[in-house]
Amino acid sequence: ESELLARIGKFLPTLQFASNGTARVRRLVKNMVVQLGGCRETNKVEMKVLFGSGVSLNGLGKAIGTALRILVTIDTAVASNADLQEAWAMYKDVVMEWSEQKREDNTLDEEFESFERMMVQLDFSLLSSRSFVSAIEQNFDPRGRFHAAKFKLYEEIHSIVISLYGQYCEQVNTETETTERLDCVGVYAMYVLYRQLLPPNVIPDAKLHKSIWGVFPAMCPILELFGPLYFMPREFIMLHAPYERVKGCSADIAEIRSGSAALVLKWDGSFKARVSKIRLDALGWLAVADSELSPTVPDSRSQHTDENDDLDLATSCILRGMKIAHSASILLRGQLVSHRGLGLDIEPDQISSLLALMEVLKSIEKLLRVRRRTAVLAFQRSTLKMIAAVSNRVVLDLLNLIIILDITACLSALEGVLKGTSSFSPIRRYSISFSIAACMDSTIMQIFNAEDLMAIKGHLADLSEVASIEEILHQACDCSCMYFYRDLFPVFIENLYQTILNSSFGHTQLVLSALSDPERILKHASHLEIDELSGSTKSSIGYKNYLFGVVQEEYIDPICEVVEIDLRLTVHAKNDQRQKAQTTSTRVHTFINAPPLYICQKKIDVKAEVEKYLEKTFYNLCTLSLNDCNTYTEMRSIANERYGLCVMDPYLPDGNLEQSVNFIDILRDLNSFVSKYNYNMIDQSFVECRPVLGAKFLFTFNTKCVSASMKQHGNGIVGSAINASYNLLGKKFQLFTQFMADENVKSLLSKEFRWLNNQKNECSNIYPFSRASAFAQELKKFELESGNTGLDECRNVLSEIGNIIAFVRMIRAAKRKIFGDEMAFLSPSVTVEEISNAEERYDKSSAQLGLDETISSIIQTQDTDFIRAFVNVFKGVLQHQEDLLGSFFCMVPALCLCWMDASIQGKEMMHKKNISRNGYFTDDGFAVGLAFCLSVLEQNKQYECLNWFKSIQNKYADDEEDLIERENAEEVKRSAMEMTALKMMRMRLESNRREMAVLFFSMHGAAGFF
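Counting in the UniProt record's numbering, the sequence shown runs from 1 upward without gaps.
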């Protein structure tokens, strides 16, 4: 719920922007409707009208219908968004609670009150889906001017509805249909406006209502508004303007939907035939347009009549292509929205037809965009020729009529606009529209007959269409609506793959271009969250990733699998099976040799993807079984010979007997490795300390194993190993920090730190052994959840930290070993001085100088010291935690004693037959980890001030003297049992002295690492 509230809060500015837009459209509707009354004819003309009564007001009526259609679309979008409604209800509740709280606390300010008013306005108009209703319920005669003049505004609306409705219905389901279906939504909205303006004492036009109910819904029961938003005419009429007195013109929602579904299912039977017809028309048009719209150099021998004929052909070709695009777009959108809106399933055999419609749209768009300038120039010249003929005819016939003079002026303006340039800016388009409207005067019938006027009217209408060719192409050929049908993408791509595989013919790029259209809208959506790295919206990135994933899964992966299977069958097949493999490869050639695909402005090369897939597969399988390298080498050769694929050799060597433990397996579970293996600093190796029950040997891991794995897998694994080591080191150091932050540990350390400070004041610089032993016993008193004592747990963590550092050191040593082995095969290295001396003796080309610079940089570049880098990183992180870890050095003596006891127990366990606990004979990881922590915490000097090594030596020297005295005394008494006990004590003393000496030497050696 909190996430939903946060999203609606961020979306609130967009809602306010949309609300302001709907309010502006409502005011615009009122203004345009009032203009209908302002253009009426009266007996008293106050001012001269520029254009006569012959200019039709249908243009204004179309504008009113468009504005009302926008409001209907917005209401539908809001009403169909269940998530928005839920979030808005929750947001209102939160705001109301906050408002009540502010009123109780008397902290209500003007800013919050303004916010509440804005919320109320949004809730009443936009989010209650009442934008359209609010628009038609406005007072269109606030001053009573229409009423005083006895002007019936509803009659004007009535006449426009009849005119536009008849005009649009004539074009629906014909080859010349463009946007008539969508325009009919505005007509239905104007009919509701007519019913709203109708006085109560006036009966509605039953004939018009019956036509509104029956004619258009029978041809188009459901149509697309935008994306998944649909409009059902009869539902709209029953909701806003029911008229039950007319027989057969009323029904409930269920009946309307069932009837619409029956019509859609009936038309599904002829869907494939209609698509085939459009596809054939498009193929024929593409062949003609490619020649007619191609830019050609004028021939001096060509006649003027030939140029006119070429202009006419190019003009008709442009209009024909745009009509085909409109037909394909209407059929595609109608099929998708009708099935989605009515809950019908799209049959599998319709998928190929839907893809064919996308291909038609994108092929027409591509050709017209490429040849757009040629197309506009052709139509521009054709229109100028028509204007010249009309102007001459007008001037010769009636030179004295004012109307003719006005029309001549408009024709001159239109001619000037067309002669200026071939690009149509918004201002130029408005000028063209104004001039065209002026020329549509029906009172000049005495000059032109009906056929001439219809021809001129049609040509000017075509000119208006060509002037907006970019917008019309975008409207007709844009497939952004496919974003709302993403669930069909896998079926689309799979059908594409199967079509090409079976028939070796397809237009994959055209379909992918259609599916890429939604990315353009998502990329420029201002209300969506922007990704900082790419600069695109996160929705755009998500859509691109989804589309790439679908193409990869349904198109590229099957191609890769077919190629791999074909290669395997070819390698393992007998002679009689080679012909079948050859047939499969012939089909796959269509995919591999195809040009690269472009999806959302990103290039995808199928051939390169297949090569990557084969390289990855061959490499992975070779690492599992190096014995199959010859087989995959043969498969690479066949892939190059048969498909032209350049599959890289993985360069994997044969297995090495020294690779007792695989380096890759260690990286997969590095935490388990550092806990189950102990480090030996002298041999630079790890020895297993937790063998499997019943094992007869121990695994080891040394520098040779690492170098052999690096030779097998490449030096690229070094970076991955360092990253894994760094991440694990951070986790282990965090455990160490948590232990030091424990209240019991902090209390004991504080006590020990105060004692040390007091001893410094008394000039005593040797930390006593007895103090360390007592401190260790105190730390062992409290246990952790793992069952270990606190001191043992800290020792284990330090050992694992040291193992990680030793592992990184071993990687660096192995890397140097590989470079050292390869140096034997290189020419003797030269020094920088020799290179500079050689430059003085010989003239060198740029390539030679570049080689010399490369050699110099290699000689002077030092190998990266990862261990020192780790120390610097942790120092920077822990510089603010000095209070927490500042007394760690006080714990070192206790940790050393704990390590000594554990090491002796581990070595004794190695001599037993049944190992019940960890048995090991080396653990230098503790010394490395201890030295690392002291270096990171910068406490080496404080630790050295303890003189702990000298204290141990003094303690063991005193114990030895005491033991010698006791032995001499016992020899006099000659007690065998006591002599045996003394021998055991001497052995224990020597063992402790040896272990502590090994620890101190290891710590001294490990200190050099940092």
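All C-beta atoms, glycine included, are put in the ideal place defined by N, C-alpha and C.
DSSP bridge partner residues for residue i (one or two, in chain order)
i, result
"Thr508", "Note: Thr508 sits in no beta bridge, so no partner."
"Glu783", "Thr789"
"Tyr679", "Phe686"
"Asn702", "Ser685"
"Ile530", "Thr537"
Proximity to residue i [Cα-Cα], best of the options
i, options, result
"Ala981", "Glu800, Leu963 and Asp345", "Leu963"
"Tyr194", "Arg181, Ser80 and His209", "His209"
"Ile666", "Ile722, Met648 and Asn680", "Ile722"
"Gln138", "Lys102, Arg117 and Leu68", "Leu68"
"Glu235", "Tyr91, Thr76 and Asn702", "Thr76"
"Val133", "Ser159, Ala87 and Leu71", "Leu71"
"Leu336", "Asp628, Arg486, Ala314 and Ser258", "Arg486"
"Ser114", "Val95, Asp290 and Ser128", "Val95"
"Ser903", "Arg988, Val936 and Lys277", "Arg988"
"Leu313", "Arg333, Pro596, Ile324 and Ser291", "Ser291"
"Lys746", "Phe888, Ser480 and Ile664", "Phe888"
"Cys661", "Ala708, Ala639 and Asp649", "A quick correction: the sequence has Val, not Cys, at residue 661. Comparing Cα-Cα distances from Val661 to each of Ala708, Ala639 and Asp649, the minimum goes to Ala708."
"Phe151", "Leu36, Arg809 and Gln121", "Leu36"
"Val998", "Ile160, Ala813, Glu104 and Asp923", "Asp923"
"Ala806", "Ala1006, Trp88 and Ser539", "Ala1006"
"Glu938", "Arg986, Leu878 and Ser991", "Leu878"
Classification of residue i by the beta-carbon crowding that lies within 10 angstroms, buried from 16 upward
i, result
"Ser302", "Because Ser302 sits at a pLDDT of 46, beneath the cut-off of 50, its placement in the model cannot be relied upon, and the point is left open."
"Leu4", "exposed"
"Lys362", "buried"
"Met977", "exposed"
"Asp252", "exposed"
"Pro199", "exposed"
"His339", "buried"
"Arg143", "exposed"
"Trp98", "exposed"
"Asn20", "exposed"
"Phe926", "buried"
"Met900", "buried"
"His158", "buried"
"Thr174", "exposed"
"Phe1009", "buried"
"Tyr651", "exposed"
"Asn680", "buried"
"Gln738", "exposed"
"Leu784", "exposed"
"Leu791", "buried"
"Leu164", "buried"
"Cys898", "buried"
"Ile136", "buried"
Heavy atom of the ligand NAP within 6 Å of residue i beta-carbon
i, result
"Glu688", "You won't find the ligand NAP in this model; it holds no ligand whatsoever."
So does the region 492–511 actually touch the region 356–363, counting three or more Cβ pairs closer than 8 Å? By the Cβ test, the region 492–511 is in contact with the region 356–363, since at least three Cβ pairs between them sit closer than 8 Å.
Which runs of the beta strand (DSSP E), 3 residues or longer, sit entirely within the region 566–649? Listed in chain order, they are 597–599 and 602–604.
Between the region 219–228 and the region 238–248, are three or more C-beta pairs nearer than 8 Å? Because the criterion of three Cβ pairs below 8 Å is not met, the region 219–228 and the region 238–248 do not touch.
Three or more C-beta pairs under 8 Å: does that hold for the region 270–277 against the region 342–356? Touching, per the Cβ criterion.
Assess contact between the region 613–632 and the region 678–688, defined as three or more Cβ pairs (one per stretch) separated by less than 8 Å. Is contact present? Segments in contact, no.
Per the contact definition of three or more C-beta pairs closer than 8 Å, is the region 893–902 in contact with the region 776–785? Enough Cβ pairs lie closer than 8 Å, so yes.
Only counting runs of 4 or more residues, tell me where the alpha helix (DSSP H) segments fall wholly within the region 208–270, in order along the chain. DSSP runs (the alpha helix (DSSP H)) wholly in the region 208–270: 233–240 and 253–268.
Is the region 557–574 touching the region 532–544 in the sense that three or more CB pairs, one from each, lie closer than 8 Å? Verdict: no, contact absent.
Would you call the region 614–621 in contact with the region 595–605, where contact means no fewer than 3 C-beta pairs closer than 8 Å? Judged by Cβ distances under 8 Å, the region 614–621 makes no contact with the region 595–605, as fewer than three pairs qualify.
Mind the definition here: the region 323–337 touches the region 245–261 only if three or more C-beta pairs lie below 8 Å; say whether that holds. No: fewer than three Cβ pairs fall under 8 Å.
So does the region 920–933 actually touch the region 792–803, counting three or more Cβ pairs closer than 8 Å? Contact annotation: the region 920–933 touches the region 792–803, with at least three C-beta pairs closer than 8 Å.
Quick one: which unbroken beta strand (DSSP E) runs of 3-plus residues sit fully inside the region 131–206? Chain order, please. Entirely contained in the region 131–206, not one beta strand (DSSP E) run reaches 3 residues.
Every unbroken alpha helix (DSSP H) within the region 869–912, with a cutoff of 4 residues, ordered by chain: Those alpha helix (DSSP H) runs which fall completely within the region 869–912 and span 4+ residues are 882–885 and 892–910.
Ordered list of alpha helix (DSSP H) runs contained in the region 702–760, each at least 4 residues: Runs of the alpha helix (DSSP H) lying entirely within the region 702–760 and spanning at least 4 residues, in chain order: 703–713 and 716–740.
For the region 554–564 and the region 514–526, state whether three or more C-beta atom pairs, one from each stretch, are separated by less than 8 Å. Too few Cβ pairs lie closer than 8 Å, so no.
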